[in-house]
Structures are given as C-alpha cells and as structure tokens.
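*Asks:* Chains as they are written, first to last, in my numbering: chain A, 43 to 175; chain B, 43 to 175.
Glycine included, each C-beta is placed from N, C-alpha and C at the ideal position.
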DNA sequence: CTTTCATATTAACAAATGATCATATGATAA
DNA sequence: TTATCATATGATCATTTGTTAATATGAAAG
C-alpha cells in the first residue's frame with residue numbers, strides 16, 4: 043500500500059481550529075471509519091482514477107485479453123500496459139492466467155464492473171447533454 | 043478537467059505491437075467508450091482516490107458540516123480542507139450553502155454514498171480478516 | 001542449447017497532486 | 001468605518017504517478 047503521511051489524524055484535537063458544532067463533530071467522529079479503512083478505500087478508488095486503467099478495465103469487462111492485444115487496442119507501449127496490469131493485479135482488481143508464452147487478463151470479480159457502471163451512471167446523469175466547464 | 047496527454051488513442055494502430063487476437067481486439071474496440079467518457083470516469087473516481095477526501099465524504103454522508111468542523115474532525119489545516127472541498131464542489135460531488143459567515147457542506151446526491159458503500163463492501167470482502175501484503 | 005517471442009521489471013524523468021504559508025474575500029459585530 | 005471571524009485562494013515545495021527506454025525473465029520452437 044502507498045505510504046501515507048499523518049495528515050489525517052482522527053483522534054486528536056491539536057489543530058488550533060475552532061469547532062462551531064461540537065455535538066455534530068463528536069457524533070460524526072464516533073462513526074468515522076478507522077484510518078486503515080479510509081486508506082484502503084482511497085487506494086481502491088485511485089485504481090479507477092486513471093484513464094488508461096479505466097480503458098483496460100472496461101475492455102476486460104467485455105472480454106479476457108492478452109497483454110499485446112491490450113497494447114494494440116489502446117495503442118500503448120507494452121511496458122506501460124504491463125505496469126498498469128501489475129498494479130491492478132496486485133490490488134486483486136484483475137487476475138491472470140498463463141497459456142504458454144501468452145498471459146491472459148480478466149476482471150477478478152463482479153464488483154469491478156459494478157463500480158464502472160455506477161461511475162458511468164453518475165457521469166451520464168451529471169452531464170446529460172454536454173461537457174460542463 | 044485535468045489536461046490529458048494523447049497516450050491512449052483508441053482508433054489508431056501505429057504502436058508496433060503484434061495483435062494476437064484481431065477478432066477480439068476489433069470486437070472490443072467497437073464497444074469501447076469514447077475518450078471523453080474514460081476521462082470523465084477517471085476524473086470522477088480520482089476524487090475518491092485520496093484518504094482526506096474519502097474522510098470528508100464519509101463525514102458528510104453522516105451530517106452536513108461546516109468547514110471548521112471538518113478541520114477539527116480531521117485535525118487538518120483550514121486551507122488544506124478548503125482546497126479539497128473546492129475540488130469536490132467543482133466536480134459536483136458536494137454542495138454548499140452559506141449561513142452568515144459559516145459555509146455548510148453536504149453530499150450533492152445519493153450516488154456518492156452509494157459509491158462509498160460499494161467500495162467499502164469490496165474492501166471487506168477482499169480482506170475479510172487481515173491486511174494483505 | 002540457442003533463438004524467438006510475449007511479458008515483466010528497473011531506472012529515470014516529467015507531470016500532477018496535496019499540504020503549507022501567506023494573503024484575500026466577505027459577512028457580521030463593535 | 002474598523003475589527004473580527006469563517007472561508008477561499010495563490011504560490012511554493014515535496015511527494016507521487018505514469019510513461020519511456022532498456023533490460024530481464026521465461027516458455028516454446030528450431
């Protein structure tokens with residue numbers, strides 16, 4: 043996992059900022075997830091935060107593909123694709139199987155296509171017609 | 043929107059990589075979303091790809107909060123929080139309303155809590171017990 | 001064994017990102 | 001008006017990220 047700085051510390055009060063609504067803050071604080079979970083969550087979503095990886099995942103949601111096919115599809119260098127495949131694989135977003143010299147990649151579980159769908163839904167609802175500045 | 047380089051070009055073939063399965067590549071290529079959508083998608087998800095923003099969103103999913111309450115909750119500098127709130131606001135992930143000097147923030151729509159939930163679900167299923175290396 | 005082909009890995013570099021400091025804005029109170 | 005409080009913004013800096021070029025691995029073919 044990515045190294046995290048200690049910028050977000052949920053349990054301390056030394057930030058010299060006034061709390062206007064102590065009740066709200068305390069109630070919310072009790073229900074906040076542990077740092078471990080927010081880190082895991084952001085790491086998970088950051089994998090979807092790059093258009094190359096989105097393209098790869100979208101492609102794999104349609105068909106298992108080998109590395110060089112993905113390169114051809116996206117018109118990208120093999121090493122760039124392999125790097126991204128490695129990240130996705132290490133995070134269990136995709137899986138691979140070897141057949142001779144060829145390695146085939148596919149989505150690891152149904153959650154992934156779900157996430158893509160939800161995102162696409164959001165985009166289409168936000169900008170029903172046109173690009174917004 | 044973030045400036046994109048032309049690394050991913052879906053419609054050209056000049057990458058000098060062998061396609062092993064032309065049929066698969068061509069079939070997938072037809073169904074690939076336009077570059078505009080993959081950019082929008084990755085921009086959307088990248089907002090969830092930072093633990094500060096995840097914490098903010100999680101907090102707002104429980105209650106509307108003002109800026110300094112969020113600072114106190116997360117023990118962060120006011121400018122850091124405002125910067126992230128700005129990004130989230132510009133992307134229509136959160137909205138704000140002013141009441142005198144105080145600005146209150148809340149989630150913009152139900153999709154957002156949905157996305158958080160789906161992510162949390164995924165994490166809990168992937169690592170049911172322990173941190174994996 | 002040697003070559004070839006598909007993929008993986010390493011180091012390096014440029015671009016993007018997030019926190020900080022300092023300062024600006026904008027609304028209320030004095 | 002002036003002072004104060006809550007929030008926003010701009011510049012800077014260190015870290016992270018994604019691509020590239022070069023090279024390594026590893027399986028099959030000759």
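When Cβ atoms are compared, which residues of the segment 126-148 of chain B fall closer than 7 Å to chain A?
*Replies:* Those residues of the segment 126-148 of chain B that come within reach of chain A (Cβ to Cβ, closer than 7 Å) are 134, 144.
*Asks:* Leaving out five residues on either side along the sequence, give the residues of the same chain with a beta carbon under 7 Å from the beta carbon of residue 46 of chain A.
*Replies:* Note that residue 46 of chain A has pLDDT 42, beneath the 50 cutoff, so the model's placement of it is unreliable and no number is given.
*Asks:* Under the three-state reduction of DSSP, which class applies to residue 89 of chain B: helix, strand or coil?
*Replies:* DSSP places residue 89 of chain B in coil when its eight states are reduced to three.
*Asks:* What residue range is occupied by the uninterrupted alpha helix (DSSP H) comprising residue 106 of chain B?
*Replies:* Where residue 106 of chain B is concerned, there is no enclosing alpha helix (DSSP H), given that its DSSP letter is neither H nor E.
*Asks:* Taking only beta carbons into account, state which residues of the segment 87-117 of chain B come closer than 7 Å to chain A, listed in chain order.
*Replies:* Listed by position along the chain: 87, 88, 90, 91, 92, 93, 94, 96, 97, 100, 101, 104, 105, 107, 108, 110, 111, 113, 114, 115, 116, 117.
*Asks:* Using a cut-off of 9 Å between C-beta atoms, extract the partners of residue 81 of chain A located in chain B.
*Replies:* The contacting residues are 93, 96.
*Asks:* Would you please verify whether the beta carbon of residue 121 of chain A is less than 8 Å from any beta carbon of chain B?
*Replies:* Output row for residue 121 of chain A: interface = no.
*Asks:* Please report how far the alpha carbon of residue 98 of chain B lies from the alpha carbon of residue 160 of chain A, in whole angstroms.
*Replies:* Those two C-alpha atoms are separated by around 20 Å.
*Asks:* Beta-carbon within less than 7 Å of residue 102 of chain B's beta-carbon, same chain only, minus the 5 sequence neighbours each way: which residues are those?
*Replies:* Only 136, 147, 148, 149 meet the Cβ criterion.
*Asks:* Would you say residue 84 of chain A faces chain B, with C-beta separation under 8 Å as the test?
*Replies:* By this cut-off, residue 84 of chain A is an interface position.
*Asks:* According to the neighbour-count rule (16 or more other Cβ atoms, all chains shown, within 10 Å of its Cβ), is residue 114 of chain B buried or exposed?
*Replies:* Buried.
*Asks:* Using DSSP with H/G/I as helix, E/B as strand and the rest coil, what is residue 136 of chain B?
*Replies:* Strand at residue 136 of chain B.
*Asks:* With a 10 Å radius around its C-beta and 16 neighbouring C-beta atoms as the bar for buried, classify residue 208 of chain B as buried or exposed.
*Replies:* Residue 208 of chain B is absent from the structure shown; chain B starts at 43 and stops at 175.
*Asks:* Does the separation of the CB atoms of residue 83 of chain A and residue 154 of chain B fall below 8 Å?
*Replies:* In this structure, residue 154 of chain B does not lie closer than 8 Å to residue 83 of chain A by Cβ.
*Asks:* Here's a check: name, in chain order, each residue in its chain whose Cβ is nearer than 8 Å to the Cβ of residue 131 of chain A, leaving out the five neighbours to either side.
*Replies:* For residue 131 of chain A, where only same-chain residues beyond five positions count, the Cβ hits under 8 Å are 137, 138, 147.
*Asks:* Compare the C-alpha of residue 94 of chain A against each of A:87, A:73, A:86, A:118 and name the closest.
*Replies:* Taking only the C-alpha atoms, the option nearest residue 94 of chain A is A:118.
*Asks:* Residue range of the alpha helix (DSSP H) that residue 162 of chain A falls in?
*Replies:* Residues 152-168.
*Asks:* Do you know offhand how far residue 75 of chain A's Cα is from residue 88 of chain B's?
*Replies:* Cα to Cα, residue 75 of chain A sits roughly 20 Å from residue 88 of chain B.
*Asks:* Which residue's Cα is closest to the Cα of residue 152 of chain A: A:104, A:108, A:85, A:72?
*Replies:* With distances taken between Cα atoms, residue 152 of chain A lies closest to A:104.
*Asks:* Do residue 123 of chain A and residue 145 of chain A count as a contact pair if the criterion is CB distance below 8 Å?
*Replies:* For residue 145 of chain A and residue 123 of chain A, no; Cβs fall outside 8 Å.
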